[in-house]
Amino acid sequence: PDDNTGGAEVSDTYIRVGALAPKYGSGMVASFSNYGKTNVDVFAPGAKIYSTFPDNKYQAISGTSMAAPAVAGVAALIWSQYPKLTAAQVKQVIMDSGLPINQKVVVGGNSSDVRDFGTLTKSGKIVNAYNALIMAQQLSK
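Each step along the sequence shown adds one to the number in this note's numbering, with nothing skipped, and position 130 is 433.
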């Protein structure tokens, strides 16, 4: 999960997402989530997400595969309202408009590994759709 190689940005249109647990505070980062300044851009809800499941059922599912669609949904929402923004601009809006978290959090479910949330992600933020729409509106003027 953690990448200390100083890896370069894959693309200015590619967004990497970490998963949040359904609680605020030191346990807000899901124990299974990826993290790292160079390999996670933002965090979004990704644990215990009530979702459709095979055979006409619903189930609480966890994974960064649940967090990534939340961010994709925010990107789609932005683009639906501001279609002239580029993909790179949409990514930057998502990263810049999130809520900054100034909190120490448990990493990887290991209670002896506690770090500042800001060190686990490039933006140091969690996704916020409302703020993203406001920022996108200002950018599109």
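We treat Cβ as the ideally placed atom computed from N, Cα and C, and that holds for glycine.
#1: Please give the ranges of any beta strand (DSSP E) in the region 325 to 403, keeping only runs that are unbroken, at least 3 residues long and fully inside the region.
#2: For G421, which residues from the same chain have a beta carbon less than 6 Å from its beta carbon, with the 5 sequence-adjacent residues on both sides left out?
#3: In angstroms, rounded to a whole number, what distance separates the CA positions of S380 and L436?
#4: Going by DSSP in three states, N431 sits in which element: helix, strand or coil?
#5: Any idea which residues DSSP pairs R418 with across the strands?
#6: May I ask you to report which of helix, strand or coil DSSP gives L423?
#7: Roughly how many whole angstroms lie between the Cα atoms of G376 and G411?
#8: Measuring alpha carbon to alpha carbon, tell me which of L442, D419, M369 ends up nearest P386.
#9: Kindly indicate the opening and closing residues of the beta strand (DSSP E) around V320.
#10: Quick one: residues in its chain with C-beta nearer than 7 Å to the C-beta of M353, no 5 flanking neighbours on either side, listed in chain order?
#11: Should N405 be labelled buried (16 or more other beta-carbon atoms within 10 Å of its own) or exposed?
#12: Flag this pair as yes or no: are the beta carbons of L423 and V332 separated by less than 8 Å?
In terms of the structure at hand:
#1: 345 to 348, 352 to 356, 360 to 364
#2: G427
#3: Residue identity check: residue 380 is Leu in the sequence provided, not Ser. About 8 Å.
#4: coil
#5: V408
#6: Coil at L423, not helix or strand.
#7: Whole-angstrom Cα-Cα distance: 26 Å.
#8: L442
#9: 320 to 323
#10: A small fix is needed here, since residue 353 is Tyr in this sequence, not Met. Y361, A363, listed in sequence order.
#11: exposed
#12: yes
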